[in-house]
Amino acid sequence: MDFHNRHVIITGGSSGIGRAVARLLTQRGADVSIIARRQELLDETVAELESLRENPAQRLMSHSADLTEWEQARKAITDLTANDHPPDILINAAGFAHPGYFEDLPLEIFHTTMDIDYFGTLYTTKVVVPTMIERRSGYVVNFSSIAGFLSAFGYTAYSAAKFAVRGFSDALRQELKPHGIHVSIVFPPDTDTPQLHYENQFKPLETRLLGGPVSATTADKVALAVVRGIERKKTYIIPSFDGRLYFLLFNGPVGLLQWYCDHIIAKARRERRA
Ligand SMILES: NC(=O)c1ccc[n+]([C@@H]2O[C@H](COP(=O)([O-])OP(=O)(O)OC[C@H]3O[C@@H](n4cnc5c(N)ncnc54)[C@H](OP(=O)(O)O)[C@@H]3O)[C@@H](O)[C@H]2O)c1
89 MDFHNRHVII TGGSSGIGRA VARLLTQRGA DVSIIARRQE LLDETVAELE SLRENPAQRL
149 MSHSADLTEW EQARKAITDL TANDHPPDIL INAAGFAHPG YFEDLPLEIF HTTMDIDYFG
209 TLYTTKVVVP TMIERRSGYV VNFSSIAGFL SAFGYTAYSA AKFAVRGFSD ALRQELKPHG
269 IHVSIVFPPD TDTPQLHYEN QFKPLETRLL GGPVSATTAD KVALAVVRGI ERKKTYIIPS
329 FDGRLYFLLF NGPVGLLQWY CDHIIAKARR ERRA
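Numbering (this note's numbering), first residue to last: 89 to 362.
In structure tokens:
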């Protein structure tokens, strides 16, 4: 895929993996818009992107919004896509994780995690999809996690939200494919970002031991896998070898099942038209 003149909206684009993806796509000539809450981080990121621009015509923009709020999510996307600048690619990277023993985690953590990881992803997708259907083209990339297909000790709140992202995205992929819109899901491993540093303060010993001695990868490596995954239109983007192995063990030949489902859906659409 050629990213030149493509408008890519990245939620969580001011930090960690989202920011690393924003850097790569700016270098590849895309118009990049980022959304997050903290204005100072957004400004700092746009300044960095400006220094990486590939051509003077590129539009590099930001919008501050709390994506757990539907109205703010709607306004952010509407403002960023105004003046005939529709979204070609939406990357939902904004996320939050707070591990802990189930009995110690307050209900508020479950709500906050679901609100940003799942509803934040749903809201922005809900805004862009009608335009993409109208244009018969588009791409939605949603961030789950290895914890989004392999639940683990300490992640009752986070795993539930990331499983939700996966379930949502799998169904969405089937519905949008006939409209020429692609959906990918990213399952990153532990990645050295502010989120991981925050999480590490709360991980129970069992969670740390289950994670094993593997050191975290870098946001730049994950971002490169994401960009390559988009270029190849991969349904599941799994940046680590361990992650790919676990995915195979826990999901089996899911590609075959998807092919079968797509075949039935295409048949149903032909019958509806006839
Ligand atoms: N790092 C890992 O080890 C790891 C592993 C697996 C999956 N992931 C997933 O990968 C994605 C990126 O993670 P990361 O580690 O790069 O995180 P990060 O560095 O903490 O960045 C998170 C981004 O999301 C934004 N954000 C958070 N809450 C928001 C809200 N309510 N509204 C709008 N923006 C919000 C943050 O900006 P503001 O705070 O300014 O809003 C920031 O830009 C997340 O979905 C995460 O769950 C990460």
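Note that beta-carbon positions come from the ideal geometry of N, C-alpha and C, so glycine has one too.
Being a predicted model, the structure only gives us computed values, none of them experimental.
| Query | Result |
| --- | --- |
| Using a Cβ-Cβ cutoff of less than 6 Å, which residues in the same chain neighbour Arg-261 once the five nearest sequence positions on both sides are dropped? | Val-271 |
| At a cut-off of 8 Å, would you count Pro-174 as near ligand 1, judging by its Cβ distance to the nearest heavy atom? | no |
| Straight-line CA distance for Gly-236 to Ser-257? | 12 Å |
| When the Cβ atoms of the stretch 140-154 are set against those of the stretch 174-194, are three or more pairs found closer than 8 Å? | no |
| Can you give me the C-alpha to C-alpha distance between Ser-102 and His-151, rounded to a whole angstrom? | 10 Å |
| With DSSP collapsed to three states, give me the class of Ile-325. | strand |
| Could you check what DSSP says for Gly-226 in three-state terms: helix, strand or coil? | strand |
| Are the Cβ atoms of Ile-97 and Leu-168 separated by less than 9 Å? | yes |
| Answer with buried or exposed for Glu-287, where buried requires no fewer than 16 other C-beta atoms within 10 angstroms of its C-beta. | buried |
| Taking the alpha-carbon positions, what's the Arg-320 to Glu-191 distance? | 43 Å |
| Looking at the unbroken alpha helix (DSSP H) that takes in Ser-257, where does it start and where does it end? | 244-264 |
| Quick one: give me the first and last residue of the beta strand (DSSP E) that Ala-124 is part of. | 119-124 |
| Which partner residues does Thr-306 have in the DSSP bridge list? | Asp-280 |
| For ligand 1, which residues have a Cβ under 5 Å from at least one heavy atom, in chain order? | Gly-100, Ser-102, Ser-103, Gly-104, Ile-105, Ala-124, Arg-125, Arg-126, Asp-154, Leu-155, Thr-156, Ala-181, Ala-182, Gly-183, Ile-204, Phe-231, Ser-233, Pro-276, Asp-278, Thr-279, Thr-281, Pro-282, Gln-283 and Leu-284 |
| Among residues of its own chain, excluding the 5 on either side of Gln-160, which ones have a beta-carbon nearer than 8 Å to its beta-carbon? | Ala-153 and Asp-154 |
| Consult DSSP for Ser-139 and reduce its assignment to one of helix, strand or coil. | helix |
| Between which two residues does the alpha helix (DSSP H) harbouring His-199 extend? | 195-201 |
| Reducing DSSP to helix, strand and coil, say where Leu-178 ends up. | strand |
| Do you know how far the Cα of Val-229 is from the Cα of His-92? | 18 Å |
| Per the contact definition of three or more C-beta pairs closer than 8 Å, is the stretch 308-324 in contact with the stretch 274-291? | yes |
| Report the three-state DSSP secondary structure of Thr-169 (helix, strand or coil). | coil |
| So, using beta-carbon positions, are Ile-105 and Phe-231 closer together than 9 Å? | yes |
| With which residues is Val-274 paired in a DSSP beta bridge? | Phe-231 and Ile-325 |
| Let's see if you can read the secondary structure: which residues bound the beta strand (DSSP E) around His-151? | 148-152 |
| Give every residue of the same chain whose Cβ lies closer than 7 Å to the Cβ of His-351, excluding the five residues on either side of it in the sequence, and list them in chain order. | none |
| Rounded to a whole number of angstroms, what is the C-alpha to C-alpha distance between Thr-365 and Pro-292? | Nothing can be reported for residue 365: it is not among the residues displayed for the chain, which extend from 89 to 362. |
| Relative to the C-alpha of Leu-112, which residue among Asp-90, Asp-131 and Arg-126 is closest? | Asp-90 |
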